[in-house]
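Residue numbers (the working numbering): 462 to 1381.
Positions of the beta carbon are idealized from the N, C-alpha and C atoms, including for glycine.
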RNA sequence: GCCCGGGUGGCGGAACUGGUAGACGCGCUGGAUUCAAAAUCCAGUUCUGGCAACAGAGUGAGGGUUCGAUUCCCUCCCCGGGUACCA
């Protein structure tokens, strides 16, 4: 009987569920291993064949580790709050909880068919109040903490209050966005409200005003990627920048720790580099410039203080707070016009502009060393959000400053002699200082040190470190997210008592924002307005809130007392291996690391970093199928004929195409536009072109795993996904190719089961050759799994089965270990054969076999013989033959003699067990 | 522009530390089986020449190191991802 995957897979999936074999418990007798997949957002479209790629890899890896004796945690859950469900709710009026629930059911059904080993008793959903109780709890801890830069850790805010009461803030080095100085008596004289507002400057979760993309027509705030060219992507309505009071998380306090810990992580180098760039640490100096006729000083940030004698003008961001004071009456009109011009431009436009523009303010700054007058300009190339929003312009050593100087005819003073460094660009930090007074003759690096010392001594500047990274906006004016456990009294935010958590997301009558532009939750006045006069926060938390700590919850997902028990956390500690898409390189991975470090400071988790090893799985792309429509006609032509007409390419459903030939019948029934169309074939066939691109409904190239599994089975599907190529690479899906692994599984089956379903495996001694094949495979598969090279594992299995088949091997001594090592890849067929073989318990609880070195030792080797590096023939020689004896033997070889043509070889190189090269 | 990947048959890919380039599979070609087809099995399949033995070329292009380079070094081209007037 043939291998009946449908029956086998259903049987064993039911068996595993019934026996609960994937249930994981803490077990001190075994080493722990935590394997994690990035949990999915359950979209309405369901899974396509690209989604499970990483899940299959971790499934194989975790099954392997547990057969090797580890206690493996491999959980799954759902990132269930998010924009698409809310958008759908706005369009249909359906509650997002309901559609989310339905989508999760679809996902679980689809995942179930693939045969994963998740411990579903540990499933979590970020939208479940039992889960987000602890998301809210962590937020409260952030709210109640400040960051002590000296101790390099978060501390309770009460300790900061105690310090303020005793000595003010002068001896505190805290992460803060305020530079206000105050003494103990000044602090103690403040009202309760003033104290509360001032503390916000120090909390790790704080309120501040910031600009958002406000779309008046939609009455809502838009994410950056929902805005195109200053208009909303949906509907094309104008979008303006609007100031709103919002929650922020002080991630910048952790910038250095986030940066330096990267070195210790086993992550792809490219991903670590992205995080480094995102943090964007730079070392330089703050310099204070006097302004002619003004009390106030202008603070600038520069990484090149050494070039200060080359500064010939200053540039401010058009939003700079000092601008009004610096603008003289005569320049007022021009400045205002320029500020207006910049206001209308989106950040993206401003940043992409290649044309230099700017306006003189009328004021002059004074050079701190020479006292020279430096005109102060404004220009859009200086950004208010970076550094201090003001620069000293050094046209000799900065390309943008140079272009600006050229356009406005400002002087350029060369200050760095780079003649010792041919090829150095103007912004490279190399060279010898010239025209720079006391810096003359110094190397750039030395000059930086010297000039900062001078500036500090003169009280005109200081060493300073700057980051590109900014605090994380944590408010969303949306419904489908975690409510903030915050109540305002007299505009001051107070935390809810932890006993009141979770603060459950209330019902509302419509998912739209209110008419006056407040978040949707404001619609439920009963919920918002408390009897004691308190007003609840109506913003909700962003998507990354719930995903920043979910890996901890899996350790103990049903705990109502703590986010996870101390014992569970002490046992599981951190994620050993994390698999997910590269699109989360900076967002999710940065926030999760930040939260983890905070929880470490709180003493809740024992490790500084959450994810020890990380791999990005590549994307499985779709193959779009393209046909050509003749312009202005209801006529389509086969691909070879497209150049005879003016044509437009059109994508058709990938399922209508077999071997590049289109099934016209199916196409005609697909859409009315094809019903009566004319089709011109070539050689009786209608051929299509193929384009590899993202798998998406839009391109009609989506392949659903359910269909593939129905036709070929889950085991074939799993192995084929792995066989496609290296896990990190992008590669196109081609359903045709699955035939290969499907055939392989049938061949594999026939080693065990005969045509009439008879059991072929015998308890006989295996031939040495068969044992060689087996042990070679055990070794290769084991080491390839360790390095996540799963595609080569599959081909190793193919080679093994081909060889065993040719050898007519039916010995249990070989076929028992073979079932075990294939079990992680094809868990169903392995379980079936294991059980038929009379194996104890599940094959997935069996031990991973050891390979036996004795079968891998060879006594002879067929050496390739090469002449001048080109292989000419082969020769079988004993591996223990001494080199000079080999040389002699080789020279007797007729093919080699022919190539030597009677001459003596210049050299004979023997690499034992590898190759022999004769140089003539 | 900068940073990080990557360019190998018709296609997906293999070659782990410099040692037989193209494993494994798809597709294609021919054959067996079949009334026929599907399925299955067998053989061939980098390119060029040759019936073949064999010879020449060949891992994006050019150069270098080496007995030997897909692998190391230099220059350049192309593709993918990230990022940016970041002072």
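Helix or strand or just coil, what does DSSP make of residue i?
| i | result |
| --- | --- |
| residue 667 | strand |
| residue 829 | coil |
| residue 893 | strand |
| residue 1115 | helix |
| residue 1249 | coil |
| residue 1261 | helix |
| residue 859 | coil |
| residue 613 | coil |
| residue 592 | helix |
| residue 1343 | coil |
| residue 1083 | strand |
| residue 495 | strand |
| residue 633 | coil |
| residue 607 | strand |
| residue 1092 | coil |
| residue 840 | coil |
| residue 549 | helix |
Among all the DSSP beta bridges, which residues are the ones paired with residue i?
| i | result |
| --- | --- |
| residue 708 | 668 |
| residue 1077 | 1041 |
| residue 1220 | 1214 |
| residue 934 | 709 |
| residue 675 | 682 and 701 |
| residue 834 | 827 |
| residue 1148 | 1122 |
| residue 745 | 925 |
| residue 762 | 747 |
Once the 5 residues before and after residue i are set aside, which same chain residues still bring their CB inside 7 Å of it?
| i | result |
| --- | --- |
| residue 938 | 681, 682, 974, 980 and 1000 |
| residue 772 | 828, 835, 853, 854 and 855 |
Are the CB atoms of residue i and residue j nearer to each other than 9 Å?
| i | j | result |
| --- | --- | --- |
| residue 1153 | residue 1084 | yes |
| residue 613 | residue 737 | no |
| residue 1004 | residue 604 | no |
| residue 638 | residue 669 | yes |
| residue 498 | residue 519 | yes |
| residue 417 | residue 1287 | One cannot answer for residue 417 here, as it falls past the ends of the chain, which runs 462 to 1381. |
| residue 826 | residue 874 | no |
| residue 1100 | residue 1149 | yes |
| residue 1059 | residue 606 | yes |
| residue 759 | residue 750 | yes |
| residue 590 | residue 530 | no |
| residue 784 | residue 796 | yes |
What residues in its chain sit with their C-beta under 6 Å from that of residue i, if we drop five residues either side in the sequence?
| i | result |
| --- | --- |
| residue 800 | 779 |
| residue 998 | 945 and 947 |
| residue 526 | 494 and 533 |
With distances taken Cα to Cα, identify the nearest neighbour of residue i among the options.
| i | options | result |
| --- | --- | --- |
| residue 849 | 1282, 1126, 770 and 775 | 775 |
| residue 1176 | 576, 544, 522 and 513 | 576 |
| residue 1008 | 663, 1048, 803 and 1354 | 1048 |
| residue 523 | 1018, 510 and 537 | 537 |
| residue 1145 | 1122, 544, 636 and 1160 | 1122 |
| residue 958 | 594, 1376 and 1328 | 594 |
| residue 1252 | 504, 1202 and 463 | 1202 |
| residue 893 | 768, 922, 844 and 794 | 768 |
| residue 611 | 802, 477, 626 and 632 | 632 |
| residue 478 | 1358, 1289 and 1323 | 1289 |
| residue 584 | 1141, 598, 596 and 569 | 569 |
| residue 763 | 925, 1374, 1082 and 596 | 925 |
| residue 962 | 977, 969, 943 and 951 | 943 |
| residue 673 | 972, 654 and 707 | 707 |
| residue 655 | 1323, 953 and 1373 | 953 |
| residue 1299 | 1131, 1337 and 1222 | 1222 |
Tell me which same chain residues have a C-beta within less than 8 Å of the C-beta of residue i, skipping the five on either side of it?
| i | result |
| --- | --- |
| residue 1226 | 1272 and 1274 |
| residue 1284 | 524, 528, 1291, 1292, 1295, 1304, 1305 and 1307 |
| residue 1333 | 1326, 1327, 1356, 1357 and 1360 |
| residue 558 | 588 |
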